[in-house]
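> Dropping a structure here in structure tokens format, bear with me for questions.
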Amino acid sequence: MLRRKLARHGFAIFATVLLGGFLSATLVRFAPGFDVDESELDPHLNSASIQALRDSRTRQNDIVHFYVQSLRRALNGDLGRSLSLGQPVTTLLRERIPLTFRLVGVALVLSWAAVLGIALTGTWLRLPAYDGLGTVLSGTLLCIPAAVLALLSVLWNVPGTLAIALIIFPRDYRYTRNLLARAYAQPHVLAARAKGLNEVRILFWHVVPVAAPQLLAVAGVSVSLAIGAAIPVEALCGLAGVGQLAWQAALGRDLPLLMNITLLMTLVTLLANSGADVAGSMLRGESA
Amino acid sequence: MFASLRKSILLWAICLGLLPGVSFAQNVLRLCLRSEPKTFDPLKVEDDASVSVRYLTGGVLVRLNRQTQALEPELAQSWNVSKDGKQISFKLRSGVSFSDGTPFSADDVAYTVQQLMDPALHSATGDAFRTGPGKVETKILSPTQISISFPALVAGLDRQFDQVAIMSAHSPKKEMAVLGPFMVADYKPGSTLLLKKNPNYWKTDDQGRKLPYLDAIQIDIQANRDVELLRFKRNEIDLINTLDSEYFDKLADTSPKVVHDAGPSLDSEQMWFNEVQKAPIPAYKKTWFRSVNFRRAISEAINRDDMAKIVFRGHAQPAIGPVSPANKFWFNAKLKPQPYSPETALKTLQADGFRLENGTLKDKDGNAVVFSVITNAGNKYRERMATMMQDDLQKIGIHVNVVTLDFPSLIERMTQSFDYEAILLGLTNVGLDPSDQMNVWLSSSDNHQWNPSEKTPETPWEAEIDKLMRAQASSADARKRKESFDRVQEIAMEQMPFIYLVNRNALSAVSTTVHGANPVILAPQTYWNMDRLSVK
Amino acid sequence: MSFWRKLAAFVLVAALAFSLAANWLAPGGYAKQYREATDASPSRQHWLGTDEIGRDRFARVLYGTRISLLLAPAAALLSTLVAALVGGLAGYLGGMWARAAMTVTDLFLSLPWLFLLITIRALMPLNVSPLVSVLVTFLLLGMLGWTSAARVLCATSSSLRNSDFVRQARASGIRGARLFWIHVLPNLKPVLYAQFWISIPAFILSEANLGILGLGVAEPLPSWGSLLKELEGLVSVGEEPWKFVPLFLLVIVVTSFQLVLSNSDEVAA
């Protein structure tokens, strides 16, 4: 049963990743500025050189053909060559993935530790002042631009990880707090309290399990939020991760690089969310 | 046994203790580049970061001294340009080796030139030599003598070799074997680039000491200028090659000795109107933009002094024409600055039938004068200039929409779809010689920005500019070239295809721990003499 | 209504009122450039100083409030409704519908929408009015900003589908759309409120970032997002604390929204 569920999810992930790669390649291909290169503005270049520059870009005009060829090459481990950096995409990703995964992973751990700590405590204590403090803290962090948080991390010499954690914390906190509060308001909690159960037991045995599937969904979504937050943080803090690469690739309309980065991001997002779905459905005792 | 163990421990302790002392941190200059170098192949270099790396690692035959702006011998002891400007002969230094020990000879120069002139290589460096069809011939006269013949005259032929880093014909390391003061030692894409001193660098100082003085240069890739400034203030980097004007003043308040204003640079900011016939803009707007009175009026209505004073905090000068006054030889000193006068602007517009109605300027057919100016997003100076221009033109009833676009989208509109009305951009890293701008002034060129790739010149003045530019490019007489180019500048100011706004000053910051720095206006402003810099 | 909720509601109404009274409170307007007093500190003439080209910051905060306070919540409402429809319905229907909807949601989360936005900008005329540009921007943000909440709503809705009260309602003959609207949707309120509340500042900040694509508020029109972008000049902003006023105001407004939206049964169970 579980094996069938996992196989079904695996196939869905694979198909979605392929579709995601194709859609992202299409978006990039048809966005304005795809066919141009900044170098064209160099007044030293003659017409033949400018034409050669333009011709080098038209090779990717047929997006279906380009995508199919890219997938074929990918089966042999060749992810193509970055147009903006002139290096193999495989090399670029291999060098940068560990840093981004580390950044995002630690940021998620930090953020969720803070989210659960503050939200669970707040739900347990049920003090309006405490709740208000959490609201003000998360509200303040929501209002600070990601670029500013990244720059603050440079200014205060703290790791970029902390900046990413601060970016995703308020979103996760708000959902978590509301879900826990809602679960606390359920009739069975009142019944448990009437039966004399202590608050800690109520929280961990009757509230958290009820909210767990939704919390897992929030956790799944927070992975893609963290990856999105990594882009400005890496770009501003000068961290050579996939986020910085994605930003450079976007500015340079670097189709081979962008397509592969999107494939990677889609895969990670799907794995995280599918994992959350499967775990959530198991907790609910359903077949997903 | 214990004695030898004790000795080993002692030795290790000494080594560990000494390690900080012989740490790589000694005499290492640290700076930032704002983007990744795209290539280390000196022949394919186009982006600023790659140009910087080439400057530091590449050995050239002649070097344009960035301070005196005079050509100096480098790998070539002497050279001779023929009267017809088509041939150049070099006498090379002997006893010079590449960084990997491979000997340098005329073979390498011939190899480099042949690679550079390969028709399949489309590079800015190579195109500068392609002034006519035909093959480039190299003749090796001896291991230290070579003659290079071009099919057509190349204006400023010797000066062009300042950009040609010689590659080894024989080294297995290919472009990584270099003749410059430094060589690439380590590269972490997106993060850092480490250049170490070239142990085989040929140059010595006046006291006979081997150059460079520095052991290494650590280059961090840092696009954000705020972070770059922060790191400079924290002594994490030693210099900022191009400093923003607002940061210049802030640094000057606290550390006046570290900031340098070398005066007007060769860079300029300008705007132009779309004069392309097939542009997808309304016909009445094309009529405006193609009218010299309209362009002149816009120029008269823009307050350049305020732009220089406010946007660039006084670290810029109102532009007088296509050439910055910093280019002492080529600047046409007879040109007069464009005065700011909204009243004169309105009079000029009236000559074309424009009139002011309830605070809105309308053309002779009653169309309100509204147009958009696009500029590249992220450049806060251009965004501010555009907003100030919007305010200036509002005073004469013209409504301007400022649109900031990402650079590829802007280039696409400028070079392919021509779907724009006016653009505000700038020229950076401008060369001294007008031949560097051939492809801007020739009407048939792709970079003739206001109306590219004209089959034949669409106006008499563009035809005259074509003739004058070709004349100066095909003459070896500096005086005749200057006459031709002076006239080009006059026409440019009469017809205003570009509305020149300001020439920015060359601003930089150099830590007091760096010795030998003497910032100038030509790039690379602060480390043009990197082989003689040291850090204490 | 608790004291804090009343206070929060008052703050929101006051902010809106001040912004609408900008013509009287800042008669100079948001675009006038006092070129003799650029980057000025607060003074009697300029309560929050001037920006780098001499525009009165107080006026720009007031006028910017109109744009951000009206349009950001509208866009947030749109994204919340889309999330409710996509996520809530998917979870309620379950099975293949939920899988398909969540696959689309995951795709939405992963795709580089930057390029769609660039394309939309290219399709818009260059001379579009600043108001149209900002309306299009917030509409786009609303249409694209629903994905995170949709997933959470789907999970919540799935949990509710087999809950006792829904079974009871189904047993008493309530089915389909009525069951969803009356019994399921109201129980999604915690997530819907969270989504709405998070989206307001997120959209205000995103609007400013979209300026890089030519979308968002065009000069000289101000918005809170563009005012907050001044904070990115971090090195100097520490010496000019008045530049933090837009951030301070945004925090107050966002907190007020949260207090207005919060329910007593959520705060103290």
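Residue numbers (my numbering), protein chains in the order written: chain A, 850 to 1137; chain B, 71 to 606; chain C, 7 to 275. C-beta: ideal position from N, C-alpha, C; glycine also.
(1) Sort out for me which residues DSSP pairs residue 496/B with in a bridge.
(2) Taking all protein chains shown into account, do 16 or more other C-beta atoms lie within 10 angstroms of the C-beta of residue 20/B, making it buried, or fewer, making it exposed?
(3) Buried or exposed: which applies to residue 92/B, given that a residue is buried once 16 or more other Cβ atoms fall within 10 Å of its Cβ?
(4) Cβ closer than 9 Å: which chain A residues qualify as neighbours of residue 125/C?
(5) Of all the residues that make up the segment 212-230 of chain C, which are near chain B by a beta-carbon distance shorter than 7 Å?
(6) Using a Cβ cut-off of 7 Å, pull out every chain A residue sitting near residue 115/C, in sequence order please.
(7) Over what stretch of residues does the alpha helix (DSSP H) that includes residue 144/C continue unbroken?
(8) Kindly indicate the opening and closing residues of the beta strand (DSSP E) around residue 258/B.
(9) Taking buried to mean at least 16 other C-beta atoms within 10 Å of its own C-beta, is residue 114/B buried or exposed?
(10) Can you name, in chain order, every residue of its own chain whose Cβ lies under 8 Å from the Cβ of residue 1133/A, other than the five neighbours on each side?
(11) Going by other Cβ atoms of all chains shown within 10 Å of its Cβ, with 16 needed for buried, is residue 1115/A buried or exposed?
(12) Would residue 95/B be called buried (16 or more neighbouring beta carbons within 10 Å of its own) or exposed?
(13) DSSP three-state label for residue 53/C, please.
(14) Considering only the alpha carbon of each residue, which of 88/C, 227/C, 57/C lies closest to residue 246/C?
(15) Excluding five sequence neighbours on each side, which residues of the same chain lie with their C-beta closer than 7 Å to the C-beta of residue 5/C?
(16) Does any residue of chain B have a CB that is nearer than 8 Å to the CB of residue 899/A?
(17) Residue 189/C and residue 177/C - do their beta-carbons sit closer together than 8 Å?
(18) My understanding is that residue 205/C touches residue 73/C, with C-beta atoms under 8 Å, so please give their C-beta distance in whole angstroms.
(19) Could you check whether the Cβ of residue 112/C sits closer than 8 Å to any Cβ belonging to chain A?
(20) From the DSSP output, which residues share a beta bridge with residue 331/B?
(21) With residue 103/C as the anchor, note down where its alpha helix (DSSP H) starts and where it stops.
(22) Residues of chain A with a CB under 9 Å from the CB of residue 234/C: which are they?
(23) What whole-angstrom Cβ distance do residue 572/B and residue 382/B have, given they're in contact under 8 Å?
(24) List, in chain order, every chain A residue whose beta-carbon is nearer than 9 Å to that of residue 69/C.
(25) What did DSSP end up calling residue 272/B once you bin it into helix, strand or coil?
(26) For residue 993/A, is the beta carbon positioned less than 7 Å from some heavy atom of the ligand FMN?
(27) Using only alpha-carbon positions, find the residue among 384/B, 495/B, 218/B, 166/B that is nearest to residue 448/B.
(28) Going by DSSP in three states, residue 224/B sits in which element: helix, strand or coil?
(29) Would you verify that the beta carbon of residue 475/B is, or is not, closer than 8 Å to some beta carbon of chain C?
(30) Taking C-beta to C-beta, are residue 1027/A and residue 196/C nearer than 8 Å?
(31) Using only CA atoms, which one of 1128/A, 1103/A, 1131/A lies nearest to residue 874/A?
(32) Using a Cβ-Cβ cut-off of 8 Å, state whether residue 168/C counts as contacting chain B.
(33) Please classify residue 450/B: does DSSP put it in a helix, a strand, or coil?
(34) Where does residue 137/B fall in DSSP's three states?
(35) When you compare only the Cα positions, how much space is there between residue 1000/A and residue 182/B?
Taking the definition as stated:
(1) Here residue 496/B refers to the residue found at position 426 of the second sequence. 339/B, per the DSSP bridge assignment.
(2) Lying outside 71 to 606, the shown extent of chain B, residue 20/B is not represented and no answer is given.
(3) Indexing the second sequence from 1 puts residue 92/B at position 22. Residue placement at residue 92/B cannot be trusted, given a pLDDT of 35 that sits under 50; what the coordinates show is reported in the next sentence. Residue 92/B sits exposed, since fewer than 16 C-beta atoms from the chains shown fall within 10 Å of its C-beta.
(4) In the third sequence, the residue the question calls residue 125/C occupies position 119. Correct list: 876, 879, 880, 881.
(5) Of all residues in the segment 212-230 of chain C, 217, 218, 219, 220, 224, 225, 226 have a Cβ within less than 7 Å of some Cβ in chain B.
(6) In the third sequence, residue 115/C corresponds to position 109, counting from 1. By Cβ distance, chain A contributes 1073, 1118.
(7) Counting from one through the third sequence, the residue named residue 144/C turns up at place 138. Its alpha helix (DSSP H) spans residues 136-150.
(8) The residue given as residue 258/B occupies position 188 in the second sequence. In the DSSP assignment, residue 258/B falls within the beta strand (DSSP E) that extends over 252-258.
(9) Locating residue 114/B in the second sequence gives position 44, counting from the first residue. So residue 114/B ends up on the buried side.
(10) Reading the first sequence from its first residue, position 284 is the one you call residue 1133/A. Closer than 8 Å at Cβ, skipping near neighbours: 1062.
(11) The residue you call residue 1115/A lines up with position 266 of the first sequence. Only buried fits residue 1115/A, as 16 or more other CB atoms lie within 10 angstroms of its CB.
(12) For this step, residue 95/B is matched to residue 25 along the second sequence. With a pLDDT of 48 at residue 95/B, under the threshold of 50, the modelled position of that residue is not reliable, and the figure given next carries that caveat. Exposed: under 16 other Cβ atoms inside 10 Å.
(13) For the purposes of this step, residue 53/C is taken as the residue at position 47 of the third sequence. Three-state result, residue 53/C: coil.
(14) For the purposes of this step, residue 246/C is taken as the residue at position 240 of the third sequence. For the options 88/C, 227/C, 57/C, the alpha carbon positioned closest to that of residue 246/C is the one of 57/C.
(15) Lying outside 7 to 275, the shown extent of chain C, residue 5/C is not represented and no answer is given.
(16) Reading the first sequence from its first residue, position 50 is the one you call residue 899/A. With 8 Å as the cut-off, residue 899/A counts as an interface residue toward chain B.
(17) Taking the first residue of the third sequence as position 1, residue 177/C is located at position 171. Taking the first residue of the third sequence as position 1, residue 189/C is located at position 183. Taking C-beta atoms as the reference points, residue 177/C and residue 189/C fail to come closer than 8 Å.
(18) Taking the third sequence and counting its residues from 1, one reaches residue 205/C at position 199. Taking the third sequence and counting its residues from 1, one reaches residue 73/C at position 67. About 16 Å separates the Cβ atoms of residue 205/C and residue 73/C, ruling out a contact at the 8 Å cut-off.
(19) In the third sequence, counting from the first residue as 1, residue 112/C sits at position 106. With a threshold of 8 Å between beta carbons, residue 112/C makes contact with chain A.
(20) Within the second sequence, numbered from 1, the residue matching residue 331/B stands at position 261. Under DSSP, residue 331/B takes part in a beta bridge, and its partners are 577/B.
(21) Here residue 103/C corresponds to residue number 97 of the third sequence, with the count starting at 1. Element bounds for residue 103/C: 101-116.
(22) Within the third sequence, the letter at position 228 stands for residue 234/C. The contacting residues are 992, 993, 994, 997.
(23) Position 502 of the second sequence holds residue 572/B. Position 312 of the second sequence holds residue 382/B. Going by Cβ atoms, the distance from residue 572/B to residue 382/B rounds to 7 Å, so yes, they are a contact pair.
(24) For the purposes of this step, residue 69/C is taken as the residue at position 63 of the third sequence. Those within 9 Å of residue 69/C in chain A number zero; the least Cβ separation is about 19 Å.
(25) Against the second sequence, residue 272/B aligns to sequence position 202. Three-state DSSP puts residue 272/B in coil, outside helix and strand.
(26) The ligand FMN is not among the ligands present in this structure, which contains no ligands whatsoever.
(27) As a first step, residue 448/B is located in the second sequence; it is residue number 378 there, counting from the start. The shortest C-alpha separation from residue 448/B is found at 495/B.
(28) Residue 224/B sits at position 154 when you count from the first residue of the second sequence. Reduced to three states, the DSSP call for residue 224/B is coil.
(29) Translated into positions along the second sequence, residue 475/B becomes position 405. At least one chain C Cβ lies under 8 Å of residue 475/B.
(30) Residue 1027/A sits at position 178 when you count from the first residue of the first sequence. Residue 196/C sits at position 190 when you count from the first residue of the third sequence. Yes, Cβ-Cβ distance for residue 1027/A and residue 196/C is below 8 Å.
(31) Looking up residue 874/A in the first sequence gives position 25. When the alpha-carbon of residue 874/A is set against those of 1128/A, 1103/A, 1131/A, the nearest one is in 1103/A.
(32) Here the question's residue 168/C lines up with position 162 in the third sequence. Judged by the 8 Å Cβ criterion, residue 168/C is not in contact with chain B.
(33) Against the second sequence, residue 450/B aligns to sequence position 380. If DSSP states are grouped into helix, strand and coil, residue 450/B belongs with the helices.
(34) Counting from one through the second sequence, the residue named residue 137/B turns up at place 67. Reduced to three states, the DSSP call for residue 137/B is coil.
(35) For the purposes of this step, residue 1000/A is identified with residue 151 of the first sequence, where counting begins at 1. For the purposes of this step, residue 182/B is identified with residue 112 of the second sequence, where counting begins at 1. For the pair residue 1000/A and residue 182/B, the Cα-to-Cα distance works out to about 44 Å.
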